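*Asks:* Sharing a structure here in structure tokens format.
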Amino acid sequence: MAIEWSTHVNTDFYGQDGDYKDNTEKVEFKSGREIEYLKNSLPKKKHTVNLWLKDTGTAKVDGKTEFQHFLDWYETTAKSGTVPCNLTDIITGSGTKQYKVKVTGWTGLRHKEVSLELTEA
246 MAIEWSTHVN TDFYGQDGDY KDNTEKVEFK SGREIEYLKN SLPKKKHTVN LWLKDTGTAK
306 VDGKTEFQHF LDWYETTAKS GTVPCNLTDI ITGSGTKQYK VKVTGWTGLR HKEVSLELTE
366 A
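Numbering (my numbering), first residue to last: 246 to 366.
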């Protein structure tokens, strides 16, 4: 079951870096021979993006800033990134795809630049 992105938080991602999630597994025998095989037939893509959110000193909606809404959504609805979220496909920009969202940090005071890792679910 996937969740929806918070209605109080923008999805204007920028600074995208992409990669494939490791999709192989290696078996090493006592003889030293190694065999590597695929875990899944289709490798999952992993995207590192940034998100610019309003915080201290900006207008509040329902008593919270955009950054506070994001933290509340991430901690309670997304369960710290363990529940997949429906988002617009990062690569094509159209259609919907499920991603697991992981916060890797943030900086700033009045506006927060939040670093996210989006992995295809």
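Think of the CB as a built atom: it goes at the ideal place given N, C-alpha and C, for glycine as much as any other residue. Owing to the predicted nature of the structure, the values given are computational and were not obtained by experimental measurement.
Would you give the residue range spanned by the beta strand (DSSP E) that Asp262 belongs to?
*Replies:* DSSP places Asp262 in the uninterrupted beta strand (DSSP E) bounded by Tyr259 to Tyr265.
*Asks:* Leaving out five residues on either side along the sequence, give the residues of the same chain with a beta carbon under 7 Å from the beta carbon of Lys299.
*Replies:* Thr310, Glu311, Phe312 and His356
*Asks:* Roughly how many angstroms separate the alpha carbons of Val272 and Leu283, rounded to a whole number?
*Replies:* 11 Å
*Asks:* Using the three-state DSSP reduction, which class does Leu363 fall into: helix, strand or coil?
*Replies:* strand
*Asks:* Is it the case that the Cβ atoms of Cys330 and Val346 are separated by a distance below 7 Å?
*Replies:* Cβ atoms of Cys330 and Val346: closer than 7 Å.
*Asks:* Between Glu358 and Lys291, how many whole angstroms is the CB-CB distance? I'm expecting something under 8 Å.
*Replies:* About 20 Å; that fails the 8 Å criterion.
*Asks:* From Thr364, Asn295 and Val306, pick the residue whose C-alpha is nearest to that of Thr352; which is it?
*Replies:* Asn295
*Asks:* Three-state secondary structure (DSSP) at Thr321?
*Replies:* helix
*Asks:* Could you pull out every residue in the same chain whose Cβ sits closer than 8 Å to the Cβ of Thr327, ignoring the five residues on either side in sequence?
*Replies:* Lys345
*Asks:* Give the straight-line distance between the Cα atoms of Phe274 and Trp297, rounded to the nearest whole angstrom.
*Replies:* 49 Å
*Asks:* When the Cα atoms are used, what is the spatial distance from Val306 to Val254?
*Replies:* 10 Å
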